[in-house]
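Counted from 1, the sequence shown has number 357 at position 290 by the working numbering; the numbering is strictly sequential.
Down below is the structure, laid out as structure tokens.
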Amino acid sequence: MHRAALLLVLLICNFVFALSLTDGLLPNGGFEHGPKKTEMNGTVVTSKTAIPNWEISGYVEYIKSGQKQGDMLLIVPQGNSAVRLGNEASIKQKVQVIKGMFYSITFSAARTCAQEEKLNVSVSPNLEANDWGILPIQTMYSSNGWDSYSWGFQADRPDIEISIHNPGVEEDATCGPLIDTVALKTLYPPKLATNLIKNGDFEEGPYVFPKTSWGVLIPPHIKDDHSPLPGWIIESLKAVKYIDSQHFAVPEGKRAIELLAGKESAIAQIVKTIIGKTYVLTFAVGDANNACEGSMVVESFAGNYNVQVPYDSKGKGGFKRAQLQFNATSTRTRIMFLSTFYTMKNDNSGSLCGPVLDDVKLISVRNPRRLL
Ligand SMILES: *[C@@H]1O[C@H](CO)[C@@H](O)[C@H](O)[C@H]1NC(C)=O
Ligand SMILES: *[C@@H]1O[C@H](CO)[C@@H](O)[C@H](O)[C@H]1NC(C)=O
Ligand SMILES: *[C@@H]1O[C@H](CO)[C@@H](O)[C@H](O)[C@H]1NC(C)=O
Numbered sequence: 068m069h070r071a072a073l074l075l076v077l078l079i080c081n082f083v084f085a086l087s088l089t090d091g092l093l094p095n096g097g098f099e100h101g102p103k104k105t106e107m108n109g110t111v112v113t114s115k116t117a118i119p120n121w122e123i124s125g126y127v128e129y130i131k132s133g134q135k136q137g138d139m140l141l142i143v144p145q146g147n148s149a150v151r152l153g154n155e156a157s158i159k160q161k162v163q164v165i166k167g168m169f170y171s172i173t174f175s176a177a178r179t180c181a182q183e184e185k186l187n188v189s190v191s192p193n194l195e196a197n198d199w200g201i202l203p204i205q206t207m208y209s210s211n212g213w214d215s216y217s218w219g220f221q222a223d224r225p226d227i228e229i230s231i232h233n234p235g236v237e238e239d240a241t242c243g244p245l246i247d248t249v250a251l252k253t254l255y256p257p258k259l260a261t262n263l264i265k266n267g268d269f270e271e272g273p274y275v276f277p278k279t280s281w282g283v284l285i286p287p288h289i290k291d292d293h294s295p296l297p298g299w300i301i302e303s304l305k306a307v308k309y310i311d312s313q314h315f316a317v318p319e320g321k322r323a324i325e326l327l328a329g330k331e332s333a334i335a336q337i338v339k340t341i342i343g344k345t346y347v348l349t350f351a352v353g354d355a356n357n358a359c360e361g362s363m364v365v366e367s368f369a370g371n372y373n374v375q376v377p378y379d380s381k382g383k384g385g386f387k388r389a390q391l392q393f394n395a396t397s398t399r400t401r402i403m404f405l406s407t408f409y410t411m412k413n414d415n416s417g418s419l420c421g422p423v424l425d426d427v428k429l430i431s432v433r434n435p436r437r438l439l
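Rendered as structure tokens:
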């Protein structure tokens, strides 16, 4: 009897431990524990296992905050240390996950001197061929050079290895990107209720670092089966930004989306509809209180119907509600949002910014006239 109870407690503890292990920084995910002096040549890490919890390959440098590169001062957003991935260099870590679950990786990266930078994030061994993603890190969205990026996957097995690889072939290997704070979060597939849009409030999404104030980018070309933003497709050329109420003005709940790059950043969801039925799509459009000022327009599409919602932003937060009523002409209707114009922050950073979207709801209505 006692033994069974003890076993149960142990099982529960294991389970809770497994879960808690997967929400937040990976072990030594901030690279605060570094190599021994004997495992470095200057800043270059010389042994594969020199950085605790990680395995490296290729030209990897261990960077301390405040270190100089030419006349560039390297800063690290959290803690004192980060790594730099030179050409073809990678960092890997083995993690325990739950088979079949969906996960999102979030990490921060900064471009240094290279021109075209990309990172290949992957999980292995996974059965699916598409269990890697190329994240462009060329466009800088934050004011200090660091941005956080997210990528989603479904675990095919309980023991996986997460890898971040710089496929770059720059002439100067020391021009690779800096990487800091690698985190993992379990994603729960959204359930449909009366709202026919999945995750319309954007509450479910990638891990957001509590101490970073620049949100998390959700990269372009993301399909819904591997989206770090469950339910949503990022079908555009540029990223959208996932923002939190701790650092931004958010119309509803704790999370929302900032449409950063005009028509180049669009998010979509395909919903099941009944031909001939009338539907009402409602949503909130606002600004994130991030010095993003000006006349903005959010365009919303539902099949062949669309509405343009103007929003005059003072850059200090606020929002309005809008709606689009439509009659379904297909059994699947594409719902899409984009920002008509490009906007830049008025803080001289030159960073792109845009309107905030939140609280997207779709309901079918029997008697549309009653709403008018
Ligand atoms: C350290 O790096 C320098 C420059 O790349 C090289 O010349 C030197 O041989 C290296 N030292 C060791 C001990 O590997
Ligand atoms: C990204 O990395 C994965 C895993 O190593 C590899 O299979 C894939 O070919 C890489 N993709 C590109 C475009 O380099
Ligand atoms: C939907 O169809 C009804 C009649 O079937 C019509 O009265 C209404 O105007 C249509 N609504 C839209 C938004 O086209």
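Here a beta-carbon is modelled for each residue, glycine too, at the ideal position from N, C-alpha and C.
Per DSSP, what kind of secondary structure is residue i in: helix, strand or coil?
{"i": "K381", "result": "strand"}
{"i": "K103", "result": "coil"}
{"i": "E122", "result": "strand"}
{"i": "A316", "result": "coil"}
{"i": "C420", "result": "strand"}
{"i": "K330", "result": "helix"}
{"i": "P244", "result": "coil"}
{"i": "D138", "result": "coil"}
{"i": "H288", "result": "coil"}
{"i": "V432", "result": "strand"}
Are residue i and residue j close, meaning C-beta to C-beta below 7 Å?
{"i": "P94", "j": "I118", "result": "no"}
{"i": "E184", "j": "I165", "result": "no"}
{"i": "G267", "j": "L152", "result": "no"}
{"i": "E128", "j": "A181", "result": "no"}
{"i": "W218", "j": "I172", "result": "yes"}
{"i": "Y126", "j": "A149", "result": "no"}
{"i": "G133", "j": "T248", "result": "no"}
{"i": "A355", "j": "R388", "result": "no"}
{"i": "L186", "j": "I231", "result": "yes"}
{"i": "F404", "j": "P318", "result": "no"}
{"i": "Q145", "j": "K278", "result": "yes"}
Just curious, the beta strand (DSSP E) that residue i is in, first and last residue?
{"i": "S163", "result": "What sits at residue 163 in the sequence shown is Gln, not Ser. Note, Q163: beta strand (DSSP E), S157 to Q163."}
{"i": "L405", "result": "R399 to S406"}
{"i": "P203", "result": "W199 to P203"}
{"i": "E183", "result": "Here E183 belongs to no beta strand (DSSP E), and DSSP marks it neither H nor E."}
{"i": "F368", "result": "E360 to A369"}
{"i": "L348", "result": "T345 to D354"}
Candidates the options: which alpha carbon is nearest residue i's?
{"i": "M207", "options": "A306, A323, T396 and V236", "result": "A306"}
{"i": "A328", "options": "E319, D379 and E302", "result": "E302"}
{"i": "E122", "options": "I158, G137 and N357", "result": "I158"}
{"i": "R178", "options": "G200, L263, I142 and Y274", "result": "I142"}
{"i": "D223", "options": "G235, H232, Y170 and H100", "result": "Y170"}
{"i": "A250", "options": "L92, M403, I342 and K339", "result": "L92"}
{"i": "G200", "options": "V150, P287 and F269", "result": "P287"}
{"i": "N120", "options": "N373, V112, V162 and K135", "result": "V162"}
{"i": "Y216", "options": "F174, I246, E228 and S191", "result": "F174"}
{"i": "S406", "options": "G417, I289 and G421", "result": "G421"}
{"i": "G384", "options": "L424, V376 and R401", "result": "L424"}
Exercise. For the segment 334-344 against the segment 285-304, are there 3 or more C-beta pairs whose distance is under 8 Å?
Worked result: With three or more CB-CB distances shorter than 8 Å, the segment 334-344 counts as touching the segment 285-304.
Exercise. Quick check: the segment 345-362 against the segment 393-401, are there 3 or more CB pairs under 8 Å?
Worked result: Cβ pair count under 8 Å is three or more, so yes.
Problem set entry | the segment 271-286 contacting the segment 306-319, beta-carbon criterion three pairs below 8 Å | Verdict: yes, contact present.
Exercise. Taking three-plus beta-carbon pairs below 8 Å as touching, is the segment 405-421 in contact with the segment 350-367?
Worked result: Judged by Cβ distances under 8 Å, the segment 405-421 makes contact with the segment 350-367, as three or more pairs qualify.
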